[in-house]
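First to last, the protein sequences are chains C and G. Numbering-wise, the first sequence is residues 0 to 1003 according to numbering that gives the first Met the number 0. Numbering-wise, the second sequence is residues 0 to 108 according to numbering that gives the first Met the number 0. Don't be surprised by glycine CBs; every beta carbon is placed ideally from N, CA and C. Report on the following structure.
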Amino acid sequence: MSTRLATGGRLLDKGRALEFTFNGKRLKGFEGDTLASALLANDQMMVGRSFKYHRPRGIVASGAEEPNALFNMGEGGTFEPNQRATTTELFGGLTCTSQNHWPSLEFDVGAINNRLARFLPAGFYYKMFMHPRPLWKHVYEPFIRQSAGLGKAPRDRDADTYEHVYAFYDVVVIGGGIAGLLAAREAGRAGAKVLLMEQTAHWGGRAPVDGGTVDGQPVDKVVEEILSELSDMPNVTLRLRLMGAGVYDHGYLLGYERVRDHQPADKGPRHRLWRIRAAQIVTATGAIERPLSFAGNDIPGVMLASAVRDYAVDYGVSIGDRTVVVTNNDDAYLTAICLKKLGLDVPAIIDARPHGASQLTEEAKALGIRIETGKGVAKVKGGRRVTGVAICMQAGEGSAMEEIACDAVAMSGGWSPVVHLWSHCGGKLIWDDEKAMFRPDVDKAPTGASGEAFVVVAGAANGALGLADVVADAHAAGQTAAKAAGHKPKKSAAPKADSPSENAIAPIWLMPQGAKYELRSKAWLDYQNDVKVSDVQLAAREGFESVEHAKRYTTLGMATDQGKLSNINGLAILSDALNQPIPQTGTTTFRPPYTPISMGAIAGAARGPIFQPLRRTPMHGWHEENGAYWEPVGHWRRPYTFRKMPGEAIETAVAREIKQTRDSLGLLDASTLGKLVVKGPDAGKFLDMLYTNVMSTLKPGRCRYGLMCSENGFLMDDGVVARLDEDTFLCHTTTGGADHIHAHMEDWLQCEWWDWKVYVANLTEQYAQIAVVGPNARKTLENLTEDDISAEALPFMAWTDITLGGIPARAYRISFSGELSYEIAVDAGQGRALWDKLLEAGAEFAVTPYGTEALHVMRAEKGFIMIGDETDGTVIPQDLNMEWAISKKKDDYLGKRAQARSFMANPDRWKLVGLETTDGSVLPDGAYAVADGTNANGQRNVQGRVTSSYYSPTLGRGIAMGLVHNGPDRMGEVIDIPKVDGTVIKAKIVSPVFYDPEGEKQNV
Amino acid sequence: MLILTCPCCGVTGEETEFHQGGEAHLKRFGPGSSDNEFHDYLFAKENPKGVHLERWRHVYGCGKWFIAARNTVTLEVYGTYSAQTTEPPKDIRDRISAKVPGWSWREFA
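In structure tokens:
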């Protein structure tokens, strides 16, 4: 069993006991524990079930690479799934539950999958669930959803707050181990502005656990000395619990700080996202130990050798009483020696190398440890806990020679430098045959804006594994970075460190090397995604030879740990299966973040009302006070309708607004419409290029409707243009189009016609605009003005400046409803005053404010198109029968050449028509009209679709517009439009103008 | 995230301050052009691994378009220059040549 030792635990404060709960059980740990060490101290070795086969799984590692110990953490507003126990600092009152099992951790129904493992190989889902199609939806998917998945999704709103911080440094050192500390010291001494970040709560990394001396001093003392020197440097910032999450272009670096995960009762943000610009980045990110691939290497109690050592030294926790050490390198001997010195039993070191270790052999032997060289583990015995190992010849096929009873296995397959941050922005790797590892190719570092390298790698991350090499490498890296950042480091000798001489690692990727299928199919590569040696071999046999394909086929390295333990072992197995050297197989791409970061940290303060600032019209407040039912339109919020009394149905309110407007008088807040002023001697010429019709012939005082197309011919915006004077036009755009049409104009003016004398200004927010609509519109305005706005003085499609209720205003006589209508523009600051005056002046006509839905219905009754409804980026004006708005005389306009392309000019396109349901019902928006026969995919052919559909209160029936194949030539024909529920609505093709086709109402 | 300097207002800013606008020095083909010419103008864009001339707009700044000469592999920025020109200026071309001898991009080298 795993338990707390009487002595040891250098990170613990044993004077401060902490209580926490795991699956409802109350357990005790100490200040300084991680959740993982506290669970192990309580003999909670088994922490979850595996993803696919539901096998019992225990803690494997002691750091960020842990694949198994993922928990649902917290409750309610602080609940978060998939939290790693090894990187969670214990605090009093911590609550967590294990994941991926049903009904309980100890008894799990899904474990039947383990028995079926032979029938659930790599790619099983792809192969099995292709056919027949309906089974997928009704059988397979519900079953998989029930049994798969890691943690639960949070149900409550996140109760914590988060923030972003921006920072700028000469040198940022990622990793606070001995290498990072030394590099930071050198950069700091050179005068560089330095940030040193460490993802855990402690400085020094592995060095204090592994021991050794630097310049004759024990390494833990050296760590303290360097720290104290760094703390005294005003140009150096030190931060714990800050992880380097990603390295991006031009020295951009994301840091993820877990500010108070360990002290949840504290005030302030929970996580902080550091958005850093660094001239130079030093990645002193260390190395991660690899598991060995032998049968049963996932049984709880099998752990990385370095982790076994960490738990003993850092937390005073023994993983078992009898630990067998299995290795292919010298480093794991340290674990055996460490355990033995703590009074624990180490029955044997199984070393796959025929010659065993170098210097450490003597020390181990002196402690009475049995060493078996040239041997391997054939199989680990046990179910929920290791009970023993069968050992065999490494060179053989796995016939057991002997069984050794034990309750823990410490394995070491060698070390992989953490190259993630080096690789994020293009740093290349080379395969080091001697050390059996990918390490950074220092000649191919990520380069920045100057074309020079901006990442320097230091220590174990650079493949330097012994303390002596680490220290020398880190010292040099600190100087290199400071120099590259523009400082002048003084020449100084690197500290000298002692580390025992070592024999070379043996590249053992499978144990034993000739393992039979039964063994290979129980030898795990990826614990979190349940991928075995046999799965990768199968992928290779089935032709998934690229490492990126094999990854996706087997899901190797695709879990939340992103293959930190499994990738190198997996690609070595793949290389072997393909009979090619490892560098030829290569690695998959390393992508940020290094470990998952919280969504809260990404969002920062941008949530709730400040997620996106709201744009308000000058009348917004009035709408809010008068029953507005809001609709988001871009960054604006517009009233969809106004509810006259609480509880009035939305449809009733819309119908009331339309009827009242058509019968008497309505008011619309049209302030959100884009208003672009285009000015200059070449303004007319410019607009002739932008609009499909001619704008340069427009007379001052007059308005003209125009269409704007993109260079590839598609309709992108429409609106009314008013000529203000000889040199000046005011272009109205759609609400959503104001900003991008402005940008579109700037683009053409700056990059194509830069010699044309035109200036564009976006005055959308400078004006409030109110549409006064209905038969009594003129009378209402006449109540407020002395100016002549008679039909003769201000005819349809004209504008004039007037004074309304003492407010200077511009009145455009334009209509989007088919009624007598004026759009009144005033300075934004006067908008609300005018709105109030119009309500007062219109009171005798029972004026009603109306919202966007009434606007939409009224325009549809008139057959007016709406950008975004009748258009979707694939529609040209000709599709909408708008040839009348396209000049034939102009040589050129944006889109003209594109509209002459063969498929644009094809008469066979879908074209705009009105659709009238035979039963008067309302068609579903976006529904398709079906045609006879089926296409190549067995789907029903289609011949059109509904682009706008409403209930028209004016006509008392459903009305719709749609694009139909050859539509205008098929008037009177009835087509079938199926609904989602399988029923079919019949609709007659009619003219899209349903109301007042002669335009008599707007022309009075 | 790139850092660029706007040649119009002189501000050096982060990529989020700018909008990328695709290939630079486009020659517009309008009515009268052949189908192939027009097709290439619209759709056949340069997408090099290496030296690239790109349109950018300082959208959250002075609003002006400019052209950046940069390397899509090394991320080096050779310089930025006015959009009101039909070819990269000589000093920019010289700077690219110094770093990437024998480079070419469309008709420029």
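Going by other Cβ atoms of all chains shown within 10 Å of its Cβ, with 16 needed for buried, is residue i buried or exposed?
| i | result |
| --- | --- |
| Asp878 of chain C | buried |
| Gln611 of chain C | exposed |
| Tyr516 of chain C | exposed |
| Thr933 of chain C | exposed |
| Asp90 of chain G | exposed |
| Glu785 of chain C | exposed |
| Lys489 of chain C | exposed |
| Tyr758 of chain C | exposed |
| His53 of chain C | buried |
| Tyr949 of chain C | buried |
| Ala605 of chain C | exposed |
| Phe902 of chain C | exposed |
| Ser391 of chain C | The question names Ser, but residue 391 of chain C in the sequence shown is Cys. By the neighbour-count rule (16 or more Cβ atoms within 10 Å), Cys391 of chain C is buried. |
| Lys98 of chain G | exposed |
| Gln765 of chain C | exposed |
| Lys24 of chain C | exposed |
Residue i lies in the beta strand (DSSP E); which residues open and close that run?
| i | result |
| --- | --- |
| Cys8 of chain G | Segment: none, Cys8 of chain G is in no beta strand (DSSP E) and carries neither H nor E. |
| Asn71 of chain C | 69-72 |
| Leu566 of chain C | Reading off the sequence shown, one finds Asn at residue 566 of chain C, where the question assumed Leu. Note, Asn566 of chain C: premise wrong, no beta strand (DSSP E); alpha helix (DSSP H) at 566-576. |
| Val546 of chain C | Per DSSP, Val546 of chain C belongs to no beta strand (DSSP E); it is in the alpha helix (DSSP H), 546-553. |
| His163 of chain C | 161-173 |
Confirm, please, whether the CB-CB distance from residue j to residue i is below 8 Å.
| i | j | result |
| --- | --- | --- |
| Thr334 of chain C | Ala409 of chain C | yes |
| Glu915 of chain C | Ile958 of chain C | yes |
| Met857 of chain C | Gly817 of chain C | yes |
| Ala760 of chain C | Phe728 of chain C | no |
| Phe78 of chain C | Asp155 of chain C | yes |
| Thr85 of chain C | Thr33 of chain C | yes |
| Asn327 of chain C | Ile507 of chain C | yes |
| Ile280 of chain C | Gly250 of chain C | yes |
| Tyr165 of chain C | Ile596 of chain C | no |
| Met694 of chain C | Val719 of chain C | no |
| Lys836 of chain C | Thr917 of chain C | no |
Pick helix, strand or coil for residue i, following the three-state DSSP scheme.
| i | result |
| --- | --- |
| Met302 of chain C | strand |
| His354 of chain C | coil |
| Thr73 of chain G | coil |
| His195 of chain G | The first residue shown for chain G is 0 and the last is 108, placing residue 195 of chain G beyond what the model contains. |
| Gln768 of chain C | strand |
| Pro416 of chain C | strand |
| Lys487 of chain C | coil |
| Met0 of chain G | coil |
| Ala935 of chain C | coil |
| Cys708 of chain C | strand |
| Gln512 of chain C | coil |
| Leu343 of chain C | coil |
| Gln19 of chain G | strand |
| Gly28 of chain C | strand |
| Asn502 of chain C | coil |
If I follow the unbroken alpha helix (DSSP H) through residue i, where does it start and stop?
| i | result |
| --- | --- |
| Thr651 of chain C | 649-662 |
| Phe902 of chain C | 901-904 |
| Phe37 of chain G | 34-42 |
| Thr584 of chain C | 581-584 |
| Pro207 of chain C | 206-209 |
Pull up the DSSP beta-bridge partners for residue i, would you.
| i | result |
| --- | --- |
| Cys95 of chain C | C:Phe21, C:Met72 |
| Phe728 of chain C | C:Val677, C:Arg722 |
| Gln82 of chain C | C:Phe70 |
| Met392 of chain C | C:Lys374 |
| Thr847 of chain C | C:Gly665 |
| Phe65 of chain G | G:Trp55, G:Ser81 |
| Tyr628 of chain C | C:Thr640 |
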